[in-house]
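Novice: First the structure, then my questions, so here it is.
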Amino acid sequence: MFFMTAVFAPLFGAMVAGLFGRWIGDRPAQAVSIICMLLAAACGPIAWVQLEWGGAPSGALTLGPWIYAGTFQVDWALRYDALSATMVAMVSFVSMLIHVYSIGYMAEDKFRRYRFFAYLSLFTFSMLMLVTANNLLQLFFGWEGVGVCSYLLIGYWYDRPAACAAAIKAMIVNRIGDLAFALGIALMFLTFGSIQLDAVFQALPQHQNEIYTLFGIRVYELIALLLFIGAMGKSSQIILHVWLPDAMEGPTPVSALIHAATMVTAGVFLMARMGPLLNDAPDTLAFIEVIGATTAMFAATIGITQFDIKRIIAYSTVSELGFMMIGIGVGAYQTAIFLLICHAFFKALLFLCAGAVITQQHEEQDIRKMGGLWRKMPITYVTFWIAALSLGGMWPFAGFQAHDAVTRVAYAAGTSSGFYGYIAGVVATYLTCVYIFRELYLVFHGTPRMTAEKFAHSHEAPSVMTGPLAVLAVGATVAGFLLAPSFVGAGWQAYWGDTIQIAAWNHAFAGMEDVPALAAWLPLIATVVGLATVYVCYVVAPLTPAWLATTFRPIYLFFLNKWYFDELYDFLFVRPAFRIAHLLWQTGDATLIDGVPNGLAELAVDGAKGAVRIQTGSIAVYAFTMLIGLVVLVGVFLIWR
């Protein structure tokens, strides 16, 4: 009962706010949405505790039949196991805090707020359906649901061209990954005769040596690769990452929800859920490791050069998702989920702190135009410090526990891809500290760089916004210590049961406690060095950043322009698509489709005009014409007789 309530309460709130908000008004619609989220946030953790420590049985809660077509049979069912219960507890709780925060953030919004809260609750419900799916089609339903909601929320301010463009970009880029995901589901049905998770996992031993003749590779490798390409789109891995930074055009609570509790974590969840399949696809695991490690470093290099307060945090999310994929690629899926849960707290906290600053700076997001705000916003300042320390991997915060688990298993894997993942993790940790504490310093420390009037009128955000900040700050501090023993410690098997399975050949997780001391301490050393770098560059020698940007200008511009991915895609895909569209429009549509019937019509008109000239109205002319015709007929008759 608690589990089902946690899943469907947001749907009820979305329906009331969305369908009746116009008539009941913004405040009642907002209230219903918040109450439903409070109910979900209470029931989700209760259902989680009941399953893990209350003796509640795991299994599937069947809601009813869905699709029955021959051997293809799919039911609506909620999967109630350790992985689903953990995700439901996190999603419902963090989403509730974001809903509450939105009361203050959207208080002066010029649009009808009932629509915003309807979208927000529907977004939460879609993610809950995704993480509780008992089959891949239902999971795909939630997968597409969060995609649609992200489109609606990113483009919520539809009078802003940048927001509309960002929403379209997110939808199009995700379609690429979604196509691969759909193909993977279809191939899975052809291989196993089912897309129900338990049936697929039970059938895995029967098809281990099958070769998919079209590509000449093992079926498991191909299915796993297709599923991962889908995850690359949702979880914003390099190549398909370009939509996520632009998603910052939506309201800040949307950014927090997308980055922390929903949407981008869906790909990581999918990979962890399909762990039994990935265990039999070692080549795909190595590919995931390389992509995740590259993403972690790549995004961090961009973050150190950005100036938008939200965009810096957005690239941090891309980097953190790469970190999670490092854990997936090693085959230690519980480390990725551990980081996912901890990340939800400190990433939501970072975005909500940024939102509080933005509201006080009258929508200003350039950190070069801020400074000295710690006196004006002490609660936001302290909670931003906690989030930054956790993100940067500083002991004893949650981020340290989670990042430490990932880097340890990557090193313990003993493979070239695992070592690459470890090195990338250390480098990304250093760069993460540089960009997040650079942002903290430029926003809250130093001399105020805004007008004196704006600085004088700056003040702390209202309690409805600072309250969620305080709660998230507690989670960003203690979640690692509380969850580590069950998630990645000695009690992991009792906690996860059969939802997380490590392959027999994989010794990375078992060896994570035996890594050399230097390898274990190096990520924390990178954190401290990153902090020291920011202190030197912005306090001791504040001219250093400008000197570095001038001395290494090509590299600086390369990072500042995001490795020119947008320009490259514009050259390879966007411009050719426009040229083809223009050709089809001018030649195919205007010339052929419209031109042929229009030409025939003009020909008929011209013919009619010629016929009109013959009709002179003169009887003498008509008689003469008839005589000429008669002469012609007689002549022809005499010739051919």
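Okay, so the sequence shown: first residue is 27 according to this note's numbering, each after it adds one.
Each residue gets a CB set at the ideal place from its N, CA and C atoms; glycine is no exception.
Bear in mind the structure is a predicted one, so any value in this text is a computation, not a measurement.
1) In this structure, does DSSP put T473 in helix, strand or coil?
2) Closest to G357 by C-alpha separation, out of L311, F38, Y341, would be which residue?
3) Hey, out of V226, L216, A108, G256, whose CA is closest to I682's CA?
4) What does a CB cutoff of less than 8 Å around Y521 pick up in its chain, not counting 5 residues either side in sequence?
5) Would you please state the rounded distance, in angstroms, between the beta carbons of G381 and P279? I believe it to be under 8 Å.
6) Quick check on DSSP: helix, strand or coil for L399?
7) Going by other Cβ atoms of all chains shown within 10 Å of its Cβ, with 16 needed for buried, is Y177 buried or exposed?
8) Which residue marks the beginning of the beta strand (DSSP E) containing R105, and which one marks its end?
9) Give me the Cα-Cα distance between A73 and V504, rounded to the nearest whole angstrom.
10) Between which two residues does the beta strand (DSSP E) carrying W183 extend?
11) Kindly confirm or deny that the segment 449 to 461 and the segment 404 to 411 touch, where touching means at least three C-beta pairs closer than 8 Å.
12) Tell me whether D430 is buried or exposed, calling it buried when 16 or more other Cβ atoms sit within 10 Å of its Cβ.
13) Could you spell out the range, first to last residue, of the alpha helix (DSSP H) harbouring W92?
14) Let me check understanding here. Comparing Cα to Cα, which of D204, A530, A414 lies closest to G301?
15) Please list, in chain order, all residues of the same chain as F29 whose beta carbon is under 6 Å from its beta carbon, the five residues on each side excluded.
16) Which whole-angstrom value describes the C-beta separation of D52 and R186, a residue pair presumed to lie in contact below a C-beta threshold of 8 Å?
17) Between which two residues does the alpha helix (DSSP H) containing F313 stretch?
18) With a 10 Å radius around its C-beta and 16 neighbouring C-beta atoms as the bar for buried, classify L378 as buried or exposed.
19) Check whether the Cβ atoms of G181 and F151 lie closer than 9 Å to each other.
20) When you compare only the Cα positions, how much space is there between L664 and I654?
21) For C368 and G276, I'd like the C-alpha separation in whole angstroms.
22) Taking C-beta to C-beta, are D204 and G168 nearer than 9 Å?
23) DSSP state of R139, grouped into three classes?
24) According to DSSP, is N160 part of a helix, a strand, or is it coil?
25) For L557, which residues from the same chain have a beta carbon less than 7 Å from its beta carbon, with the 5 sequence-adjacent residues on both sides left out?
26) Taking the alpha helix (DSSP H) that Q360 belongs to, which residues open and close that run?
27) Between K480, M41, Q234, which lies nearest to H385 when the distance is taken from Cα to Cα?
28) Pull up the distance between the alpha-carbon of P231 and that of G173, whole angstroms please.
Specialist: So, from the listed chains and residues:
1) For the purposes of this step, residue 473 is taken as residue 447 along the sequence shown, with counting starting at 1. Looking at T473 - three-state DSSP - the assignment turns out to be coil, as it is neither helix nor strand.
2) For the purposes of this step, residue 357 is identified with residue 331 of the sequence shown, where counting begins at 1. Among L311, F38, Y341, the Cα nearest to that of G357 belongs to L311.
3) Nothing about residue 682 can be reported from this structure: the residues present for the chain run from 27 to 667 only.
4) Along the sequence shown, read from residue 1 onward, the residue named residue 521 stands at position 495. The residues are E78, A108, S512, F513.
5) Stepping through the sequence shown from its first residue, residue 381 is reached at position 355. Stepping through the sequence shown from its first residue, residue 279 is reached at position 253. That pair is a contact at about 7 Å.
6) Along the sequence shown, one-based indexing puts residue 399 at 373. Residue state, collapsed to three classes: coil.
7) By one-based count along the sequence shown, residue 177 stands at place 151. The residue in question, Y177, is buried, as its Cβ has 16 or more Cβ neighbours within 10 Å.
8) Residue numbering aside, residue 105 sits at position 79 when the sequence shown is read from its first letter. Counting along the chain, the beta strand (DSSP E) containing R105 begins and ends at 98 to 106.
9) Mapped onto the sequence shown, residue 73 falls at position 47. Mapped onto the sequence shown, residue 504 falls at position 478. Whole-angstrom Cα-Cα distance: 21 Å.
10) Counted from its first residue, the sequence shown places residue 183 at position 157. Here W183 belongs to no beta strand (DSSP E), and DSSP marks it neither H nor E.
11) no
12) Looking up residue 430 in the sequence shown gives position 404. Counting Cβ neighbours within 10 Å, D430 comes out buried, since at least 16 surround it.
13) As a position in the sequence shown, residue 92 is number 66, starting the count at 1. Where W92 is concerned, there is no enclosing alpha helix (DSSP H), although the beta strand (DSSP E) it sits in stretches over 85 to 95.
14) As a working note, residue 301 is residue 275 in the sequence shown. Of D204, A530, A414, the residue nearest in Cα terms is A530.
15) In the sequence shown, the residue the question calls residue 29 occupies position 3. The answer, listed in chain order, is A73, Y106.
16) As a first step, residue 52 must be located in the sequence shown, where it is residue number 26. As a first step, residue 186 must be located in the sequence shown, where it is residue number 160. At roughly 21 Å, the Cβ-Cβ gap does not stay under 8 Å, so D52 and R186 are not in contact.
17) Locating residue 313 in the sequence shown gives position 287, where the first residue counts as 1. Its alpha helix (DSSP H) spans residues 308 to 329.
18) One-based indexing of the sequence shown puts residue 378 at position 352. Label assigned to L378: buried.
19) As a first step, residue 181 must be located in the sequence shown, where it is residue number 155. As a first step, residue 151 must be located in the sequence shown, where it is residue number 125. Result no, Cβ atoms of G181 and F151 do not sit closer than 9 Å.
20) Looking up residue 664 in the sequence shown gives position 638. Looking up residue 654 in the sequence shown gives position 628. About 15 Å.
21) Mapped onto the sequence shown, residue 368 falls at position 342. Mapped onto the sequence shown, residue 276 falls at position 250. Distance between the alpha carbons of C368 and G276 is about 24 Å.
22) Residue numbering aside, residue 204 sits at position 178 when the sequence shown is read from its first letter. Residue numbering aside, residue 168 sits at position 142 when the sequence shown is read from its first letter. Result no, Cβ atoms of D204 and G168 do not sit closer than 9 Å.
23) Within the sequence shown, numbered from 1, the residue matching residue 139 stands at position 113. Three-state result, R139: helix.
24) To locate residue 160, count along the sequence shown from 1; it is residue 134. It is coil, neither helix nor strand.
25) Working through the sequence shown from its first residue, we reach residue 557 at position 531. Counting only Cβ-Cβ distances below 7 Å, and skipping sequence neighbours, we find C459, F463.
26) For the purposes of this step, residue 360 is taken as residue 334 along the sequence shown, with counting starting at 1. Looking at the DSSP string, the run of the alpha helix (DSSP H) that includes Q360 is 359 to 386.
27) Sequence index remark: in the sequence shown, residue 385 carries index 359 (1-based). Rather than His, the amino acid found at residue 385 in this sequence is Thr. T385 has its Cα closest to that of K480, out of K480, M41, Q234.
28) Residue numbering aside, residue 231 sits at position 205 when the sequence shown is read from its first letter. Residue numbering aside, residue 173 sits at position 147 when the sequence shown is read from its first letter. If I take the Cα positions, the gap works out to 34 Å.
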